[in-house]
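Single-structure report; data block below.
There are 2 protein chains.
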Amino acid sequence: MLIGMPAYDAVDMLDVAGPFEMFSWAGLAVELVAEKSGPLKFRNGFSFNVDKTFGEAGAWDVLWVPGGDQAALVKLMSDPRRTYLDFLIRQSEHVKYVASVCDGALLLAAAGLLDGYTVTTHWAFVPCLKGHPKVRVADGYPRYCLDRNRLTGGGISPGLDEALMLVQLLMGTQAAQAVQCNTQYYPCPPVTSEITPATECPLPPTTIAPRKTTTPR
Amino acid sequence: MLIGMPAYDAVDMLDVAGPFEMFSWAGLAVELVAEKSGPLKFRNGFSFNVDKTFGEAGAWDVLWVPGGDQAALVKLMSDPRRTYLDFLIRQSEHVKYVASVCDGALLLAAAGLLDGYTVTTHWAFVPCLKGHPKVRVADGYPRYCLDRNRLTGGGISPGLDEALMLVQLLMGTQAAQAVQCNTQYYPCPPVTSEITPATECPLPPTTIAPRKTTTPR
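Those sequence lines, one after another, are chains Y and U. 218 is the number that this note's numbering gives the last residue of the first sequence; the numbers go up by one with no jumps. 218 is the number that this note's numbering gives the last residue of the second sequence; the numbers go up by one with no jumps.
Now the structure itself:
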């Protein structure tokens, strides 16, 4: 099985790396693609390489959309060519699961792929998702939310729990337990804290270019 | 403050990326170095780039040694030039904390930097550490173990808890809480499992080249 991750400049490192690590231990192949092949940077400056373009993507079983820097999200969502959004739509039509982690959910929502689904995102971006009238936002701050074949994760570190959930969905509980054991994923943070609910979407108002119904898909 | 990570081919992705993400949210700079600059691959094939060589490393406050593929570890430990091990020794002399995650502890132990300390590693590599007569291995499978200025982590995912602990040590509890909140690090794995204690070190017997006392340091 093949998990596909569409990357972009200033994507979040752990949104990609956490799930990539978990999937690899499960024996699931992960394909990283971007609009153009070549070097990209994570939001924190770490430089990585993408070998394949969107056009070279294989036959994915799962579409996994990572979150990233706010300006990067706005750029992808407001792109009049709709390169990223339309790629998500095309890939979504053939996969078993459409997944996002963190504010990657905003990209799925902008593509219309969360309409009619109950979903979650990073706590700070809940007000942004609530701006989509057809999207139902799960109460509280779940690690992830599964509604039919939409699996959406909370912000950044929830990608680990969510990836393990996806392994369980695709391969069963024993496979997920083996990954948990190999990655020693029995977490225990040294501190505790609480989330203060966000009241405003931190993104500027973003115009999403309409789909051209004549665009070849 | 500057956290230094000496990378190598087939290093583990999450050993690097998990802590890198946590440190970045704390405002701690992270410097990735390798024997040679250029592209390297994580153990799972993900390609990344290193800009600086060992010789170009800055003044680090923390030495953070990631684990990786077994063959890669053996290669670094048995290298007659001792390039990696001697770099660890040199850096250890000036930092506030010497840290490892996963089987990165075997590299520190091979460099003699864990002699006299109580430490931990990935559960599967506990028998390897026990082969070092001067190293005390912590009971059980703690997420991390702090003994004076040695901070060693369990295998792979414990790097997240350990990195948060390091943020707390360097910057205080409030800083660690802020990182926890921003990364929504309130983990809750969807499955449970248990570790079966390892009885044998999975690495082949490895000869560590002796230090040349005349080597310029």
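We put the beta carbon where it would ideally sit given N, CA and C, even for glycine.
- Taking the Cα positions, Val102 of chain U is about 11 Å away from Leu64 of chain U.
- Counting C-beta atoms within 10 angstroms of its own C-beta, Gln169 of chain U has 16 or more neighbours from the protein chains shown and is therefore classed as buried.
- Taking CB atoms only, Asn45 of chain U has a neighbour in chain Y less than 9 Å away.
- Ser194 of chain Y has its alpha-carbon roughly 38 Å from the corresponding atom of Met2 of chain Y.
- Under DSSP, Trp65 of chain U takes part in a beta bridge, and its partners are U:Ala100.
- Contact of Ser93 of chain Y with chain U is not assigned, every C-beta pair being separated by 9 Å or more.
- Restricting attention to Y:Cys202, Y:Cys189, Y:Pro205, Y:Ala35, the CA atom closest to the CA of Ser158 of chain Y is found in Y:Cys189.
- Exposed is the label assigned to Gln175 of chain Y, since fewer than 16 other Cβ atoms lie within 10 Å of its Cβ.
- Taking a C-beta cut-off of 8 Å against chain U, the contacting residues of the region 21-36 of chain Y are Phe21, Glu22, Ser25, Val31, Leu33, listed in chain order.
- Within the same chain, Gly68, Leu74, Met78, Thr122, Phe126, Cys129, Leu130, Leu204 come within 8 Å of Leu107 of chain U by CB-CB distance, once the 5 residues on both sides are set aside.
- Using a Cβ-Cβ distance cut-off of 8 Å, the region 37-52 of chain Y and the region 4-14 of chain Y are in contact, since at least three pairs of beta carbons, one from each stretch, lie closer than that value.
- Within chain U, the residues Cys182, Gln185 have their CB atoms less than 9 Å from the CB of Trp124 of chain Y, given in chain order.
- Using a Cβ-Cβ cut-off of 8 Å, Phe49 of chain Y is close to Phe47, Ser48, Phe49, Asn50 of chain U, given in chain order.
- Taking a beta-carbon distance threshold of 9 Å, Cys202 of chain U does not count as an interface residue toward chain Y.
- Within the same chain, Cβ atoms closer than 7 Å to the Cβ of Ala177 of chain Y are found at Leu165, Val168, Gln169, the five residues on either side in sequence being excluded.
- The contact set of Ala58 of chain U on chain Y, defined by CB atoms closer than 8 Å, is empty, because the minimum CB distance reaches about 17 Å.
- The bridge partners DSSP lists for Glu32 of chain Y are Y:Gly5.
- With a cutoff of 9 Å on beta-carbon distance, His133 of chain Y and Asp148 of chain Y are scored as not near each other.
- With its beta carbon at least 9 Å from every one in chain Y, Met172 of chain U lies outside the interface.
- In the same chain as Met172 of chain U, and ignoring 5 residues on each side of it, the C-beta atoms closer than 7 Å to its own belong to Ala27, in chain order.
- Taking 8 Å as the upper bound for CB-CB distance, Val12 of chain Y and Phe55 of chain Y are not in contact here, some 14 Å apart.
- The Cβ of Val192 of chain Y sits closer than 9 Å to at least one Cβ of chain U.
- Gln178 of chain U reaches chain Y at Val192, Thr193, Ser194, counting residues in chain order whose Cβ is nearer than 8 Å.
- According to the DSSP assignment, Thr200 of chain Y belongs to no alpha helix (DSSP H), since it is labelled neither H nor E.
- Within a 10 Å sphere around the beta-carbon of Ala72 of chain Y sit fewer than 16 other beta-carbons, which makes this residue exposed.
- In this structure Val180 of chain U does not touch Arg151 of chain U by the C-beta definition: roughly 22 Å separates them, more than the 8 Å allowed.
- In summary, Thr184 of chain U is buried, with 16 or more beta-carbon neighbours lying within 10 Å of its beta-carbon over all protein chains present.
- Within the region 148-165 of chain Y, those residues whose Cβ lies closer than 8 Å to any Cβ of chain U are, in chain order, Gly155, Gly156, Ile157, Ser158, Pro159, Leu161, Asp162, Leu165.
- Per the coordinates, the alpha-carbon of Thr200 of chain Y lies some 24 Å from the alpha-carbon of Leu114 of chain Y.
- Per the DSSP secondary-structure output, Pro40 of chain Y pairs in a beta bridge with Y:Asn50.
- Setting aside the 5 residues that flank it on each side, Pro143 of chain Y is surrounded in the same chain by Thr121, Gly155, each with a C-beta closer than 7 Å to its C-beta; the list follows chain order.
- For Tyr85 of chain Y, the uninterrupted alpha helix (DSSP H) run begins and ends at 84-93, by DSSP.
- By the CB criterion at 9 Å, Tyr85 of chain Y and Glu32 of chain Y fall outside the cutoff.
- The C-alpha of Lys97 of chain Y lies about 16 Å from the C-alpha of Ala58 of chain Y.
- Between Tyr186 of chain Y and Met14 of chain Y, the C-beta spacing is not below 9 Å.
- For Leu152 of chain Y, no alpha helix (DSSP H) segment is defined; the enclosing uninterrupted segment is the beta strand (DSSP E) at 151-154.
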